[in-house]
Amino acid sequence: MTARTRPVAGDHQSDVSKTSRYCRLPRLERMQAVMRAQCIRIKRTANAMKHIAEGNRRLRRLLDDLLRDTGFISLLDEVGIKRIPSMLVSRIVHTTSEGGAVGGRQPVSTFDVPMQEQSESRFAAPDCLPERTTLCLSCMSNFRRRQVLELMRQTRCFTGDFALALLVASPAAELVNQSRSVRYDSDYVAGLQRQERKLQKAVSIVGLLRQEHPLMLVERTLHLVVGRQLLARAPVRTWLVRQSPEYLASIMQLGAGKGPKRVSRRPIRVAE
Numbered sequence: 001m002t003a004r005t006r007p008v009a010g011d012h013q014s015d016v017s018k019t020s021r022y023c024r025l026p027r028l029e030r031m032q033a034v035m036r037a038q039c040i041r042i043k044r045t046a047n048a049m050k051h052i053a054e055g056n057r058r059l060r061r062l063l064d065d066l067l068r069d070t071g072f073i074s075l076l077d078e079v080g081i082k083r084i085p086s087m088l089v090s091r092i093v094h095t096t097s098e099g100g101a102v103g104g105r106q107p108v109s110t111f112d113v114p115m116q117e118q119s120e121s122r123f124a125a126p127d128c129l130p131e132r133t134t135l136c137l138s139c140m141s142n143f144r145r146r147q148v149l150e151l152m153r154q155t156r157c158f159t160g161d162f163a164l165a166l167l168v169a170s171p172a173a174e175l176v177n178q179s180r181s182v183r184y185d186s187d188y189v190a191g192l193q194r195q196e197r198k199l200q201k202a203v204s205i206v207g208l209l210r211q212e213h214p215l216m217l218v219e220r221t222l223h224l225v226v227g228r229q230l231l232a233r234a235p236v237r238t239w240l241v242r243q244s245p246e247y248l249a250s251i252m253q254l255g256a257g258k259g260p261k262r263v264s265r266r267p268i269r270v271a272e
């Protein structure tokens, strides 16, 4: 056996291949990295939800203006489009105060889209948490433990490094046994606490947006379907180019699947 292929004591190729550079970082750097990664991920989620909500509001406003235009209503009647989902036009009055049709045409009727309620998913029962996570939770008071578990559930991150970072960021009064706790530099602890506050704020924003996010996704899909239906008719497409270029551009952007602009960041490796 040559020196090139001779096994060396302690050299386990399979173990090395499974060990990332992140896992070899010092513990303090790992805790900082996992907190920073969760903040970035949750903020991106919040920005994506806000982008969808803002896009829906813009498309709803533009479609409202179109459906108040008698020329556009007449054009829809000519090309055979007579029904639009009520979710998109629920606030539109298609008839005059006397009850007649707009512009002598029959108004565009609406139809309801069946919706299915989605139950909120729960994550990670206490008996299936990683051992390090369970150990960190056992060092916290009941109140702090519930707070940390809820934050883990919202972020869907239950790693030991994340739990340890939250343990270090815990106030001294929320620790079960302060005498056995590891003492870290006060500036380092304050930095983790600031990151946790930022994470809590981002999680609360996502929680508020998440309540209506499924409906926002449905509305976004309906806007895309209606927009494609309109653009498939050459007369309607020509009319939109002249009369409503903003709506046309919004539908084209929606069909292209363009999301919110992301600021390039240095990639962060997070242990699973």
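FYI, in UniProt numbering the residues of the sequence shown are 1 to 272.
All residues carry an ideal CB built from backbone N, CA and C; glycine is no exception.
Quick one, which of the options has its alpha-carbon nearest residue i's?
| i | options | result |
| --- | --- | --- |
| residue 284 | Leu149, Leu215, Cys136 | Here the chain comprises residues numbered 1 to 272, so residue 284 is not present and cannot be evaluated. |
| Arg242 | Leu66, Thr155, Val206, Ser138 | Leu66 |
| residue 274 | Leu28, Ile84, Asp69, Gly71 | The structure shown has nothing for residue 274, since the chain only spans 1 to 272. |
| Arg132 | Pro171, Arg27, Leu248 | Arg27 |
| Ile81 | Leu248, Leu149, Leu231, Cys136 | Leu231 |
| Ser204 | Ser250, Ala234, Ile251, Gln147 | Gln147 |
Give me the Cα-Cα distance between residue i and residue j, rounded to the nearest whole angstrom.
| i | j | result |
| --- | --- | --- |
| Gln253 | Phe158 | 37 Å |
| Thr134 | Arg57 | 44 Å |
| Gly255 | Lys198 | 34 Å |
| Glu246 | Leu240 | 9 Å |
| Pro171 | Ser186 | 12 Å |
| Thr238 | Cys128 | 59 Å |
| Thr70 | His213 | 33 Å |
| Leu149 | Ala234 | 55 Å |
| Gly55 | Leu248 | 13 Å |
| Ser250 | Cys136 | 49 Å |
Taking 8 Å as the threshold (C-beta atoms), are residue j and residue i in contact?
| i | j | result |
| --- | --- | --- |
| Lys50 | Leu209 | yes |
| residue 333 | His223 | This structure cannot speak to residue 333, because the chain is shown only from 1 to 272. |
| Leu59 | Ser244 | no |
| Val79 | Val236 | yes |
| Leu151 | Gln211 | no |
Less than 7 Å between C-beta atoms, sequence neighbours within five positions excluded: which residues of the same chain meet that for residue i?
| i | result |
| --- | --- |
| Ala169 | Val189, Leu192, Gln193, Glu196 |
| Asp161 | Arg30, Met31, Val34, Ala271 |
| Ala9 | Here the model assigns Ala9 a pLDDT of 43, short of 50, so the residue's position is not dependable, and the following value carries that caveat. There are no such residues. |
Identify, in the order they occur along the chain, each residue of the same chain with its Cβ nearer than 8 Å to the Cβ of residue i, setting aside the five sequence neighbours on each side.
| i | result |
| --- | --- |
| Glu174 | Met140, Ser141, Phe143, Arg144 |
| Val206 | Ile42, Thr45, Ala46, Met49, Gln154 |
| Val176 | Ser138, Cys139, Met140, Ser141 |
| Cys39 | Gln195, Lys198, Leu199, Ala202 |
| Gly99 | For Gly99, the pLDDT reaches just 40, beneath the cut-off of 50, and the residue's location in the model is therefore unreliable, although a value from the coordinates is still provided. Correct list: empty, nothing qualifies. |
Who are the Cβ neighbours of residue i in its own chain at under 6 Å, not counting the five residues just before and after it?
| i | result |
| --- | --- |
| Pro130 | Gly160 |
The segment 29 to 48 / the segment 220 to 230 touching (three or more Cβ pairs under 8 Å): no
Contact the segment 163 to 176 vs the segment 25 to 41: 3+ CB pairs below 8 Å: yes
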